[in-house]
Every structure is written in structure tokens, then in C-alpha cells.
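Structure, as C-alpha cells:
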Amino acid sequence: MSQTKQIEQKWQAKWENAHIFEADPDPKRKKIMVTFPYPYMNGPLHVGHTFTASRVDAYARFKRMQGYNVLWPWAWHWTGQPLLGASQRVARGDEAYIRVLREVDDVPESELKKFIDPLYMAQYYTNEGRLAVKSIGFSVDWRREFTTVMPTYQKFIEWQYKNLKEKGYVTRGTHPVVWCPKDQSPTGDHDRQVGEGVTPEEYTLIKYKLGEHTFLPAATFRPETIYGITNMWINPDAAYVEATVNGENWIISQEAAEKLKEQEKKVQVKRSFKGKELIGQIFENPLTKGKFPILPGWFVDPKTATGVVYSVPAHAPYDWLALKDLQEKPEVLKDFGIDPEDVKRIKPISIIKVDGFGEYPAVEIVEQMGIKDQHDPKADEATKALYKKEFHSGVLKQNCGPYTGKTVREVKDTLIADFRKLGVADSMYDLPEQVVCRCMTQCIVKILSDQWFLDYSDQQWKAKAKEVVAQMAIYPDSAKQWFNVVIDWLKEWACARTTGFGTPLPWGKGWIIETLSDSTIYMAFYTINKHIKQSSIKPEALKPEVFDYIFYGKGNPAELEKAVGINVDLLEAMRNEFLYWYPFDLRNSAKELVPNHLTFCIFHHAALFPPEHWPKAIGVNGMLMVEGKQMHKSKGNFITMKGAVEKYGADATRCALLLGAEGMDDPDWRAENVSDLKSKFEALCGFASGIVASAKNQEDTVLERWLQSKLQHRIKDVTVSIDELKTRTGLQIALFETWNDLRWYIQRKGSTDAKALGEAVKVWLKMLAPFAPFLCEELWSQTGEAGFISIASWPAFDEAKVDVAAEEQENLIIDVMSDTSNILKAMKITPKRLCYYTAASWKWQVYLKVLEKTLAGEAKINELMKEFAADKDLKPHMKDIAGMVPRVIKALTKLPSDRKANILKIKAVDEKEILQSALGFLKERFNAEVSIYSEDDQKRYDPKRRAVMAMPYQPAIYIE
RNA sequence: GCAGGGGUCGCCGAGCAUGGUCAAAGGCGUAGGCUUCAGGAGCCUAUCCUGCAGAGGUUCGUGGGUUCAAAUCCCACCCCCUGCACCA
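Position one of the first sequence corresponds to residue 492 (the working numbering), numbered consecutively onward.
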């Protein structure tokens, strides 16, 4: 076994035995409850889960070290269809799928066989998942664990839905879905062979009249164009039917008749015939009573909507092209007994005024794009472009009745509603593209009736949900408006279905609450599940009144005890535990859950809990990529949590992920980077334990003060970063920046045995502990500290330890070195001797004065000069000062303002002494003799007379 | 199509909200040196271009604009990612 693995197992066991992550209410301590959306158990946990949960764990561990009572619970989502589907595929002997289980999920053969039982499968993945979560070191309180099919959990969900229903958030209605006629069930995206992402579209049917009692329901997305109709198109070769539809006589395509049967229409086909039969007949516009002919249109697809299309050649490119065709090729009309002259007389009717177009936009766009005929693929493009343009900016002309002067966008909805009221319009759904079910059956649209919905359209509910958002923190902040947009956007959500695992709807036989609807407030269940498990509370005892008491404080525990048999103490303990932990303080997930789960969570809290129990914060992060691509089992780039930990170790896995991205950016998992990080950690171990072992010298030179001071900034930055869930920034500073500080100190010091360095390393380990807990525990134990670093106190920023003088001293060295290197680079020489000349004391006087004025924002050269001239000591140097002042001003603009302030505070420093103290270091660095002089030094070696160039914080340099 | 997020020096990625401190953090990679029996690791240095003195020049998706001054503000355009519902 590798050393890493040994260390990991050792600490995992120690944590578990010491129960340090098990959190109970403690009124003396402030609490933090963090949560991660429970993962769905139809497969193993993967690095995507790992990334998101690592952020939660880093936050939890950080808060725990800060002294908070931190609770991080975990559970498993079993609700829904996919688990069933997966199991069925195993049962069916689906080779491809079984191979994935075997090779990607690493399921042993003996277990695989048992996967024909979906619950067994879920239990297997749950067990594996728990081991993985433990092995990566997430600081979870396992006493609260559950799965969503546990009867006790289901009692909780029943309570939730009973409440929602009573409060009026659950409604009943109809809904169009993509439907597989063979499976007799909705066909979700994942169940499709063809047509992923395709959703039903609603057509308006305008019921044109053919004779007194027959309708031609023409399908359109643009019902406003009824005012511009010139004729009807019927495909002469397609099969049509005359049918009674909800008591009316309709003529529609054969396919349409079948479809309408599934859309809450009573359809009775009376006779079938070819479209040809209709050509040449005259129909009536039910609104304007105008009469128009039916013409042959071969482009009409009987498979789309009703197969009946009306023609608006002024605004629809296809219609214009088809009409033009007939007008130019009158011979085809002969077959239908239509007088070509009648067709030639048809003129487009313009009804929409739109910028950039004249009378007949369709005619113009066809000419502009050089579209030849209705078979030209560009016709489709033209249709879309024109539709978009007319919809957004088109204004209806005077011939549009009550809608005149309005934009299409404004009136569309009312217009449809009006037409329906007048009885001239109906509607039907159809799919814009073909959808084929996994079972190879062609899908259709079905309107499900008696569906149960969560009424997310409810304006008051929306308003309340926004209040929840307003009072909480969202990380990153930019996601906040997204939540608000989603709240606006959400409509009724079908919250129950008839198949799959889940909690039966308490009042609806045969309905099961679907996955995204049974996972909205379960964080509250964690708070009490510990008691339910420890006291083996029976599901039957968990009556709604029990939850009412626990969550709302309603009712009397003594009476409850009598009613359900849970004793008063236990009831009160549960109530207290809920009150202690709730609301949760952070919920973090990937951004894909923003438009659904996370927003649902907000809605349900708004509905069911008072403001004091509303979520405190939600974190959102990107979606993990693997080697630059989306991770997919089918793409062969699927990496499990277990696999990653085995290969790279827990700490490297966690940190590689966290260093990948923060905010909503997508992190990229690159195997090479992870192994680099793994070896970096090995180096870190050697580095740190070496220092810890040798720390003995009690010293307090400027270098120790510098190190201490630098460390304070790192502490501050890391603390602020993790607080805002900027885990990437936090880890970067904790790991790399701090490491660089330690290195600089060691270089300058030339030794590693100072106690101060050992102390700094301890602080360093503490800052790293939330990110790389195993390694830090191991090194912590080597420092001789008792107890776990996981619960050691987080380093606090200490203003008193900030030493700006020490920092500026090192800045001086760094600046001098970089100037020297720059010169060497330009000169392309190897130095034998370096001479530094520090500025004369009068220059400091000038420098500080200029600095002071600069900081105050009033650095005027002439005024400064006057002031200097008035000074007896400076008077003799006025010639030099004249040249110096502009140089100083320029140099100061390059300094950050906080450094300027520090320098002013420190006043003059003895640069010669500082450089002298770094003499050995500089010698070694440049591999040359180094001499330090003051500009005032009469005996200085200065053959090129460089010394006069010396400035405060910028000694002159001479190299030979 | 609608909505949200993005395009930065070989790569990954900070910075852009409060324009100057930005040739632009940090990591990775690459090159050179030190250390080492060797490999690895570690440590140091360099890494847009130019420059025989600490300097200058050209960069931050594209094209305009505002300003003494823009990666950062405004406008237009191009490209990429994510979500869009009965499904986790």
C-alpha cells in the first residue's frame, strides 16, 4: 500500500473513532449547516460530484476550525425513473450498458447479476458511494444519512405535500408531453433514440369555413396573418379525412386525425380522400367573411399539424413562392379545373409594416436572397428571419381590425384568446422534429389530463421566492439575477408521475411525487433524522401533526405523545434540533441545478417556512470537464470519485479540482495536472516535516518579522476567500503564495532552523487543512501538537504582527535585485563586482516631502521647489533637486498606494545597513563581489560616477 | 430562438464592479544553472519583442467610441459553454 493511502486510512479511522464530524446542538456555540444536493444513485459518484462537494467540505472544515458547530449531512436520491430503466437494461441483457457497468463503474460480476433488482442496484451504489465519500475525507455526520425511499423520509414528503396542497400551491390540469404510444408513457430526453431536446409546439388552428357546416382548421404560428390571407394550400397527393372533432365537421390530414385523438379531442373519421378533391373549392374567412380558393401546394406536409395551411404571400416566403409557381406555370392548374387567370389575379395583401421592408416583405426577401422556388433551402432561412423581424418590430396595418397600430408581439396572445372566444380558432400541439423512443416507436404529443402541478406560475409565490433570494447570499453574486430570472420564467411543474420510485402522492392513487419535487426542503429532515434513527421511530408514528410540531411548533407534545407514541422528550429534542440547525447556511451545487432544483428549493422554503428559516446562502459552481470535454460514460472519459482517490490520493484529487475553477467557470480535470499536484504534495511533506524537525532557534530578526507580517496578509486573504466560497483563490494563496513566502525567507535566511519558521509552517498547515486534510493531519501530528488539525483553531489575522518596515526592507532588496538583473540582461554580461550606492540623506528629505504631497494629491513641482529653496540644508543642492523631483514623481506613480503610505509612515531608513545585512545573499545570488557605499561616502569606489543617481528606495548601481 | 455565463501573454487561469499601481498575480509547461551515483524530486533564474545601465515598443475575441489615460467604461459584431421542463 502506498504511503499516501496509509496516511489516508489512518486519519479516516481516527476521525471516525473520535466522532469529530458528528455535530449536536450546542447552545453555547454558533452553528453552520452546509449541504450538498444528494446524488442520484443509478451510478457511482464521479469527479463532478467530487468537485462540488469538495467546495462544501473546504467551507465546512474552515468554519469548523473557526470554532463553529458545523453540520454537514449526506443522503442519497433514489426517487425516479432512471434507476428502474437502468435495472431493466441489465435484466434485458443490454450488452453495451452492461459493459459500461463492468468497465466504467467497476461493478464486480457477482454484483452485476443482482442489478436486475433496481433497489439492489441503488443499494450497491449507495454503499460504494459512502465508502468513496469517506475515503476522500468529507467531514460528514453520517448519523443523519437516508435514502429517499425510506418510509420515514416518505412520511416527511407526505407532510410536505399535504401542506403545499392546503396552501394552494398544488393544482390540477392538463399538459402536453412527448409520448410514446407503445410504452404508454412520456418520453423524456434520456429515453429518446432520436430528437433530443425536441419539445411540443402549439399551433393555432384557424377554422376556415367550407360550406355551412365544415371547417378547414389551418395550422399556424402566426394567427395575426388571418387578415392577409389570399388562398388555402392543400397537398393534392396527401390523404385527408373528414371527421367529427368534438362535434364539429373538420377536414384534416389523416395523420392529424390520429394525433388529435391524443389531445383531448373526440375524433371520429367519417371518410378518407385525396387532397386533390378539395382543390379549386372556395372557402370563407370566418372573421372577415371574405372568400378564397383552395390551391394545390405540394410543399404542404400532411405529417405536420393539420396538413391544412393558409396562404399569406405578403409575409410568408413559402406562400409567395408557391403562388408565384402557380402563376408562372399555369399548366399544372389544368388538372384541377382552375382558371389560371383567377390565380394570376391573386395579389398579396400587406398587413404588417416593418422597418427595412416595403409593401410585401416576403416578396422582397425572396428576391434579396435570390430564392428560386419553394424547394430552395434558403426559403426556410428567409421564413425564420422574416418571422423574427415581423414579430419583434412589425406593426399591424389598418386592415387588421381591432389590432391596428399594435406590434405583433404585443397583440399575439390577446389575439389568440379573442379568436378562441369567437369560436374561430382552436389549437393543437405537434413536434417540430421527429422524435423516436428508445423502443424505436415514433413519438407523438399527448395531452395528459388530471396532472398534478406545483403552481410556480403563481405571482404571489414568485414574489415570495424573490424575497427569499433577496435575503440570502449567493456565491458568486452574479448568479443572483439568474435565480430571479428563473423565478420569473418557471411555469406549472408536473410534480407527479405514474412510474418509478418515490413517495406516493398522499391524495392521488397511482401518482408518485417526482424527483425534482421530493427534494426541495429535505435539508430540514437531516436535523431530525438522527433522532428518528437512534430512537427507531416507526414511520406510522410520523403523522403530519408530528412534523407540524417539529417544524412549526404547532400543537402540544404531551397530547402528541398520546396520539402517536413518541415521547415528549424526544419530540422536544427534535423540535430543538430543528430550531438549532435551521435554516441551512450554505447549499452548493453545479450551475445546471439553478433552473430547477435550487430554485425549487427556494420556492418551497418560501411556501412552507417563515422567513427565519429561509436559506442563508447558495453557492453555484461550474460543470466539470475532463481533458477539455464534457464527462460522459459513453465518451470513455468518465472518472469516478473512487478511481481518482485510488490513483492520485484524496488530497491531490480535492485540490486539483478546487484549483480548476471558481465562480461559474467550468473546471477542467487534467490527469497530468493531478499527478503533478500529487508529487508537489509529496515535496511539500518533505519540506514541511524537515522544517518542523529542525526548528529550534529562537530568533527575532527583521526576517522573522517579515515572515510573520507576510503570513498575516495570507491569513486575511485566505479567510476572506473561503468565506465567499472562492475556494480556488483561497487554495491558491494558502498553497502557493504562502509557500513562496516561506521559500523567500529560507533563501534570505540561509537556514531553516528558526522557531519562527516552524510556527509559520504550522499556520500554513492550518490554512491548508480545509483543502488537503489528510496531509495536514499527518504533518500536524509530526509537529508535536496534540489533537486533530481538523478541529484546531483557524489562524486569526493579527494586525499587531503586521510589520510594514520589515516588508519594505524586503521590497528594497527585491527591487534592487530586479534592477540589477535587468541591467545584466541588457548588458549580456556576467558580473565580477557589484557596487550599490545608497541615497544621501538630503535626498530622503526631498523624497519624503514629494511623497507626502503626492499622497495628498497636491504634488506641484514649482511649489515644491519653492519650499525646498527655503530650506537652509537643501539650498546647496537645488541644482540636483530640480532634476530629482520629476524623477521621484514618476517613480512614485509606479508604486501601489498602500506601499506609498507605508513608506511615508516608516520615514527614512538606513539603506546601507539593510543592503549590508543582505550582502552574503546578494553575493551568492549574482555570484560576484558586492560592495555597498553611501552616496556621501568619500572613499567609495565609483569609477563611472554612478552614485549621484542614487535615490531613496532605488540605490545607484555600478557593475563591472 | 429565449435566458445565464464567458472569450486575457504556449496551456490553465487572476484581473475587470471603484479606468492610471498592468507586460498584466499564481499554477503548469519550456529553457539554463545548482544539488544528486543516476533518474525523479527539490532549489534558483529566465520565459511578448527590442535594448552594451536599471529603458522602450506592441499586446488582453473583432471593429469603432469616450478619456490626458482602457484588459478595465460605452456601442456594434463574431465565437464558445450551460439550461430550456415532467427529466435527473
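For glycine and all other residues, C-beta sits at the position ideal for the given N, C-alpha and C.
Cα-Cα separation between residue i and residue j, rounded to whole angstroms
i, j, result
"D1261", "I1237", "For clarity, residue 1261 is Pro in the given sequence; the question names Asp instead. P1261 and I1237: Cα-Cα distance of roughly 26 Å."
"R555", "H883", "54 Å"
"N1047", "V927", "56 Å"
"L447", "P777", "The displayed coordinates of the chain run from 492 to 1451. Any statement about residue 447 would go beyond what the structure contains."
"I1004", "R621", "26 Å"
"Q1199", "A1247", "8 Å"
"V1165", "L1270", "21 Å"
"K1323", "V1111", "57 Å"
"Q684", "D674", "14 Å"
"L1325", "M1375", "24 Å"
"K1398", "M1356", "20 Å"
"L1084", "T1090", "8 Å"
"V886", "E858", "22 Å"
Cutoff 8 Å; reference residue i; Cβ partners in own chain excluding five residues on either side
i, result
"A1360", "K1366, M1369"
"P642", "P1030"
"L592", "V581, V598, L603, F606"
"A1409", "R1239, I1304"
"V525", "V547, Y550, A551, K554, V561, L562, W563, F1075, D1076, L1077, R1078, N1079"
Other residues of its chain near residue i: CB distance less than 6 Å, five sequence neighbours each side excluded
i, result
"I1372", "V1337, F1359"
"V640", "W569, F992"
"A1447", "Y1328, R1437, A1438, M1440, A1441"
"P967", "G1154"
"T711", "T695"
"F1016", "F647"
Closest Cα partner of residue i within the set the options
i, options, result
"P518", "I511, L1070, N654, K505", "L1070"
"K1000", "R988, S1008, L1007, T1011", "R988"
"L1386", "A1399, E1354, T1345", "T1345"
"G1274", "D608, A908, A1263, V1252", "The sequence shown places Thr at residue 1274, rather than the Gly named in the question. Nearest option by C-alpha distance: V1252."
"A985", "N1087, L1410, A1141, K1403", "N1087"
"E1195", "D1156, A1225, V669, K1240", "K1240"
"T638", "V1059, K1435, K825, L610", "L610"
"G738", "K756, T721, I725", "K756"
"F783", "E850, I829, F764", "I829"
"D979", "W1002, Y559, Y947, E636", "Y947"
"Q942", "S1332, L996, L1061, A916", "L996"
"K888", "S841, D867, L913", "S841"
Where residue i falls: helix, strand or coil (DSSP)
i, result
"Y1013", "coil"
"P1261", "coil"
"M1122", "coil"
"A710", "strand"
"W1335", "helix"
"M1114", "coil"
"G1411", "helix"
"I965", "strand"
"E1420", "strand"
"A1368", "According to the sequence shown, residue 1368 is His rather than Ala. The answer is helix: DSSP assigns H1368 an H, G or I state."
"R1078", "strand"
"Q1445", "strand"
"T1384", "helix"
"M1452", "Residue numbering for the chain in the displayed model covers 492 to 1451; residue 1452 lies beyond these limits and cannot be assessed."
Same chain only: Cβ atoms within 7 Å of residue i, ignoring 5 sequence neighbours per side
i, result
"R1161", "E1118"
"D1244", "S1185, A1186, K1187, N1188"
"T541", "I627, M1132, A1135, T1144, L1148"
"S676", "T990"
"F1129", "H537, V595, M1122, H1123"
"T1210", "F1288"
"T543", "F527, N1079, S1080, A1081, N1112"
* Asked: So, do the segment 806-817 and the segment 860-870 have three or more beta carbon pairs nearer to each other than 8 Å?
  -> yes
State whether the segment 1090-1097 contacts the segment 1059-1069, with contact taken as three or more CB pairs (one from each stretch) at a distance under 8 Å. no
Worksheet entry | the segment 950-965 in contact with the segment 524-536 per 3-pair CB rule at 8 Å | no
Determine, using beta-carbon pairs with one atom in the segment 1140-1147 and one in the segment 1183-1199, whether at least three such pairs fall under 8 Å. no
Q | Meets three-Cβ-pair contact criterion under 8 Å: the segment 663-671 and the segment 900-910 | A | no
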